[in-house]
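Engineer:
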């Protein structure tokens, strides 16, 4: 699963998780329905108990060059390549069949139906959130630590005041519109 397809700033992340069916952490669910503290706690359990896990990113530059869909596929490839074992098939949330280094089975609503996809959603989200906190220190004033690069009033105001920084997706219409105004 992936995290960060919609924000105005930061990379897109993806994670791949191979769970041990005999040692499943309790409470795995779609990352979007879990609060920050629960995601962080589950991340530790998933990493400790999974057969294998991997996280991959596609940068802001790669998003601009490829588009968000293909950049997501690149992040997914990197997540699979980061696994300590090679899977024969990947369950992917949604209906788009990404070109990955193994067979792909799409599962619409997969982060609510598959524990492996839900676990991957947690790892993708926590990894991206941490990276956005690092970007907040690198580019102070934008509030990346709080809104993680998504559209928020404080983010809009920072863009008007400071202009975009290298972490912003300059090809995205709100950022492009701001650049045209400047």
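Residue numbers (this note's numbering): 242 to 423.
Quick reminder that beta carbons are idealized off the backbone N, C-alpha and C, glycines included.
Is it the case that the Cβ atoms of residue 255 and residue 320 are separated by a distance below 8 Å?
Structural biologist: As a first step, residue 255 is located in the chain shown; it is residue number 14 there, counting from the start. As a first step, residue 320 is located in the chain shown; it is residue number 79 there, counting from the start. In this structure, residue 320 lies closer than 8 Å to residue 255 by Cβ.
Engineer: Under 7 Å from any heavy atom of the ligand COA, does the C-beta of residue 376 make it?
Structural biologist: The ligand content of the structure shown is nil, which means the ligand COA is not present either.
Engineer: What ranges does the beta strand (DSSP E) occupy inside the stretch 247-327, keeping only unbroken runs of at least 3 residues that lie completely in it?
Structural biologist: For the stretch 247-327, whole beta strand (DSSP E) runs of length 3 or above, ordered along the chain, are 253-259 and 293-299.
Engineer: What first and last residue would you give for the beta strand (DSSP E) that runs through residue 346?
Structural biologist: Counted from its first residue, the chain shown places residue 346 at position 105. 344-348 is the span of the beta strand (DSSP E), which, as asked, contains residue 346.
Engineer: I need the boundaries of the alpha helix (DSSP H) containing residue 370, first residue and last residue.
Structural biologist: By 1-based counting over the chain shown, the position of residue 370 is 129. Residues 356-379.
Engineer: Between which two residues does the alpha helix (DSSP H) holding residue 399 run?
Structural biologist: The residue you call residue 399 lines up with position 158 of the chain shown. That run of the alpha helix (DSSP H) goes 394-403.
Engineer: The beta strand (DSSP E) that contains residue 332, what's its start and end?
Structural biologist: In the chain shown, residue 332 corresponds to position 91, counting from 1. Taken as a continuous stretch (DSSP letters only), the beta strand (DSSP E) holding residue 332 covers 330-334.
Engineer: Between residue 301 and residue 251, is the Cβ-Cβ spacing less than 8 Å?
Structural biologist: Against the chain shown, residue 301 aligns to sequence position 60. Against the chain shown, residue 251 aligns to sequence position 10. Yes; because the gap between Cβ atoms is below 8 Å, this pair is in contact.
Engineer: With C-beta atoms as the reference, is residue 246 less than 8 Å away from residue 313?
Structural biologist: By 1-based counting over the chain shown, the position of residue 246 is 5. By 1-based counting over the chain shown, the position of residue 313 is 72. Result yes, Cβ atoms of residue 246 and residue 313 sit closer than 8 Å.
Engineer: When the Cα of residue 292 is compared with those of 324, 282 and 249, which residue comes out closest?
Structural biologist: As a first step, residue 292 is located in the chain shown; it is residue number 51 there, counting from the start. For the residues 324, 282 and 249, the minimum Cα distance to residue 292 belongs to 324.
Engineer: Once DSSP output is grouped into helix, strand and coil, what is the label at residue 386?
Structural biologist: Translated into positions along the chain shown, residue 386 becomes position 145. Note: residue 386 maps to helix in three-state DSSP.
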